[in-house]
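K.L.:
In the working numbering, each residue carries its 1-based index in the sequence shown increased by 33.
Even for Gly, the Cβ is constructed at its ideal location relative to N, Cα and C.
Structure provided below as structure tokens; questions to follow.
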Amino acid sequence: MAETDFDVIVIGSGPGGYVAAIRAAQLGLKTACVESRETLGGTCLNVGCIPSKALLHASELYEEAHSGALAKWGVKTSGLELDLGAMHGTRLEAIKGLTGGIEFLFRKNKVEWLKGHARFTAKDAIDVAGKSYKAKHFVIATGSSVTPLPGVEIDHERILDSTSALELDKVPETMVVVGGGVIGLELGSVWRRLGAKVIVVEFLDQILPGMDGEVRKEAAKLFKKQGFEIRTSTKVTGAKSGKKGVKLNVEPAAGGEASTIEADVVLVSIGRRPNTDGLDLARAGLETNKRGQIEVDHDFRTAVDGIYAIGDVTPGPMLAHKAEDEGIAVAEILAGQIGIVNHEVIPSVVYTMPEIAGVGLTEEDAKAAGHEVKVGKFPMMANSRAKTNRESDGFVKIVADAKSDRVLGVWIIASVAGTMIAEAALAMEFGATSEDIAYTCHAHPTHSEAVKEAAMAVTGKPIHI
Ligand code: FAD
Ligand code: NAI
């Protein structure tokens, strides 16, 4: 095999791409991964999951000290100061450590990193930095970027996308977040905790689309209690950015009187769109769907033989763990094994305080799909650990099929909902009933006992309420 010929070339080194490349190499395939960024790890490690969680953690610590929550535990602070530079330093350290870790794993597994932008020149060949490479199989894992909002052009100074919102060198007095989805609420939380007044402008009548209705309602209540101003059913029609700030034009989504909101900065977080620009897909005989995504079948095959696609560039939730699981599955398929991802059981987590997590169907979707449902709910207020830790906001909600008792969906608002949801995903993966969860011994005192009690509540028998 020529030096420039591979069994597999993966395009993009995000959680989908780097995982696919490592797995393919582990399975004995000669593998390369193309990445145009200076570091590996894609959106998630460089400008997404990791840096946002670093700032969420740091700002949470600051707020605990600043709000007096720590003092309630007898941990008194004086002369409290915010050192934003140090906070960013720790964020960058986390990125450096983890992206460097992927580079180490590439070397360890003999995955060759082709540095540069890949574009197809034929269905079995790409060009990277002026050099041609061939492969038996290509995996497109080019991810996604911010969806622009016409009339609200991102300048990274006053009008920000998620990347520039992670890098602000000063806490803004007022931040308007356009879009009450995951990015808006997570990054809005960071800057609110550090002192900004945050106004969320959401087009729909509720924040957090896709989540269970009761969770959306409760989350909005909690965010308002934390000081967020939330304007739902409102559309942004334009923005004017000046030296002193931004004037944002808004009007009711259904039409009506226009008004202006003034802010230091505006964060545009209305969703993300797939990255296919500059890939020259047509040279490979591929096209995208109306939403710009590359369509794939159950085995991640595109319409062109030998070309596969995974992660954010394909339909489905834009989540790092979904991309990773698809990366493992596609590599296993390429190595002649059976690679499967159960797309019915992909948890999602919003890393605010409290965290908001869900897996499976919402109550509304379960009913719309024709299920007769039984619902069990348990408040975190009645969970001994959450109450002791002064983290009693939220609840666990289990949606089960009324006839079979099979768990259809689990929705959690709790300080550690992101950790708690793993048990729900595992239970659903194994086809558990609510009774199975209710009769599984859960350690005491843990937040997870609330999952057990919610399962007991499905049949009306929780102990602690
Ligand atoms: P990406 O991670 O986007 O990686 C694609 C890579 O391909 C990029 O590095 C890009 O440079 C490269 N590339 C693109 N085109 C080419 C080309 N032609 N040639 C060479 N290289 C190319 N998800 C979660 O699950 N949990 C979270 O907490 C979370 N937090 C997030 C926070 C923020 C602020 C953002 C923006 C996203 C977050 N996400 C989170 C979403 C998550 O980052 C994505 O779902 C995930 O990164 C998708 O992985 P991917 O491999 O499909 O693509
Ligand atoms: P999103 O899809 O989560 O939310 C976008 C919000 O903007 C929606 O509520 C939508 O109704 C609203 N919206 C759309 N157009 C609008 C307009 N013109 N005016 C006002 N509101 C408008 O998208 P977001 O937050 O940008 O995140 C993008 C992706 O990144 C998500 O799909 C998410 O999966 C992923 N992500 C995941 C995280 C996690 O897992 N914790 C964290 C951050 C991002």
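#1: Mind checking whether the beta-carbon of K258 lies closer than 8 Å to any heavy atom of the ligand NAI?
#2: Rounded to the nearest angstrom, what separates S481 and M453 at their Cα positions?
#3: Does DSSP put R418 in a helix, a strand or coil?
#4: Measure the CB-CB distance between P380 and A483 and report whether it falls below 9 Å.
#5: By Cβ distance below 7 Å, which residues in the same chain neighbour A58 in space, the five residues on each side in sequence not counted?
#6: Sorry if obvious, but does the Cβ on N308 come closer than 8 Å to a heavy atom of the ligand FAD?
#7: Taking contact to mean at least 3 C-beta pairs separated by less than 8 Å, is the stretch 299-313 in contact with the stretch 144-153?
#8: How would you call K485, buried or exposed, if buried means at least 16 neighbouring beta carbons within 10 angstroms?
#9: Do the stretch 344-351 and the stretch 296-307 touch if we need at least three Cβ pairs shorter than 8 Å?
#10: Within 8 Å: the Cβ of L281 and any heavy atom of the ligand NAI?
#11: Per DSSP, which one or two residues make a beta bridge with R152?
#12: Applying the 10 Å Cβ sphere with the 16-neighbour rule, what's the burial state of T132?
#13: Tell me where the beta strand (DSSP E) around A390 begins and ends.
#14: Would you mind reading off the limits of the alpha helix (DSSP H) that contains R56?
#15: Would you mind reading off the limits of the beta strand (DSSP E) that contains E247?
#16: Under 7 Å Cβ to Cβ from I343, same chain only, skipping five residues before and after it: list those, please.
#17: In the DSSP assignment, find the unbroken beta strand (DSSP E) run with T110 in it and report its ends.
#18: Under DSSP, the beta strand (DSSP E) around C474 begins and ends at which residues?
#19: To the nearest angstrom, how far is it from the Cα of A368 to the Cα of V204?
#20: Is Y95 helix, strand or coil by DSSP?
#21: Any heavy atom of the ligand FAD inside 8 Å of the beta-carbon of Y384?
#22: According to DSSP, E145 sits in a beta bridge with which residue or residues?
#23: Enumerate in chain order the residues of its own chain whose CB-to-CB distance from A465 is below 6 Å, with the five nearest sequence positions on each side excluded.
#24: Comparing C-alpha positions only, which one of E462, P412 and K436 sits nearest to H497?
#25: Pairs of beta-carbons, one from the stretch 152-161 and one from the stretch 260-267, closer than 8 Å: are there three or more?
#26: Just to check, is the beta-carbon of E219 closer than 8 Å to a non-hydrogen atom of the ligand NAI?
#27: Ignoring anything shorter than 3 residues or poking outside the stretch 256-314, list the beta strand (DSSP E) runs there in chain order.
#28: In this structure, does DSSP put K436 in helix, strand or coil?
#29: Does the ligand NAI have even one heavy atom less than 8 Å from the beta-carbon of S195?
#30: Since V408 sits in a beta bridge, which residues does DSSP pair it with?
#31: The ligand FAD and E68: does the residue's C-beta get closer than 8 Å to at least one heavy atom of that ligand?
#32: The ligand NAI and F305: does any heavy atom of the ligand fall closer than 8 Å to the residue's C-beta?
#33: I think K450 touches A390, with their Cβ atoms under 8 Å apart; what is that distance to the nearest whole Å?
#34: Here's a check: name, in chain order, each residue in its chain whose Cβ is nearer than 6 Å to the Cβ of V80, leaving out the five neighbours to either side.
#35: Is K323 helix, strand or coil when you go by DSSP?
P.N.:
Reading off the structure:
#1: Relative to the ligand NAI, even the nearest heavy atom lies 8 Å or more away from the CB of K258.
#2: Straight-line Cα distance between these residues: approximately 6 Å.
#3: It is helical.
#4: Against a cut-off of 9 Å, the Cβ pair of A483 and P380 comes out as no contact.
#5: When the five nearest sequence neighbours on each side are left out, the beta carbons in the same chain lying within less than 7 Å of the beta carbon of A58 are those of T64, N142, K143 and V144, in order along the chain.
#6: If you check the C-beta of N308 against the ligand FAD, you find a heavy atom less than 8 Å away.
#7: Enough Cβ pairs lie closer than 8 Å, so yes.
#8: That one is buried.
#9: Three or more beta-carbon pairs separated by less than 8 Å link the stretch 344-351 to the stretch 296-307, which places the two stretches in contact.
#10: False, no ligand heavy atom lies under 8 Å from that Cβ.
#11: R152 is bridged to D160.
#12: With 16 or more Cβ atoms within 10 Å of its Cβ, T132 is classed as buried.
#13: E388 to G393 is the span of the beta strand (DSSP E), which, as asked, contains A390.
#14: P48 to Q59 is the extent of the alpha helix (DSSP H) around R56.
#15: No beta strand (DSSP E) contains E247, which is instead part of the alpha helix (DSSP H) from G246 to K258.
#16: By the criterion of a C-beta distance shorter than 7 Å, I343 is surrounded in its chain by G49, A53, V172, A174, F333, A356, E359, G360 and V363, once the five residues flanking it on both sides are discounted.
#17: T110 -> no beta strand (DSSP E), and no H or E assigned at all.
#18: First-last for C474: undefined, no H or E at that position.
#19: In this model, A368 and V204 are separated by some 50 Å (Cα to Cα).
#20: In the structure shown, Y95 falls within a helical segment according to DSSP collapsed to helix, strand and coil.
#21: Distances taken from the Cβ of Y384 to the heavy atoms of the ligand FAD include one shorter than 8 Å.
#22: Beta-bridge analysis with DSSP links E145 to A65.
#23: Cβ neighbours of A465 beyond the five flanking positions: V440.
#24: Nearest of E462, P412 and K436 to H497, Cα basis: P412.
#25: Contact check between the stretch 152-161 and the stretch 260-267: fewer than three CB pairs, one atom from each, fall below 8 Å, which does not count as touching.
#26: In this structure, the C-beta of E219 approaches the ligand NAI to less than 8 Å from one of its heavy atoms.
#27: 262-264, 267-274, 279-285, 292-296, 298-301 and 305-307, all fully within the stretch 256-314.
#28: K436: coil per DSSP, three-state reduction.
#29: Yes - the ligand NAI has a heavy atom lying nearer than 8 Å to the Cβ of S195.
#30: Note: V408 is bridge-paired with V432 in the DSSP secondary-structure output.
#31: In terms of side-chain proximity, the C-beta atom of E68 is found nearer than 8 Å to a non-hydrogen atom of the ligand FAD.
#32: In the sequence as displayed, the identity of residue 305 is Arg instead of Phe. Annotation for R305 indicates a beta carbon within 8 Å of some heavy atom of the ligand NAI.
#33: In the sequence on display, residue 450 carries Ala and not Lys. So it is a contact: roughly 4 Å between Cβ atoms.
#34: Within the same chain, V80 has close Cβ partners T196.
#35: Reduced to three states, the DSSP call for K323 is coil.
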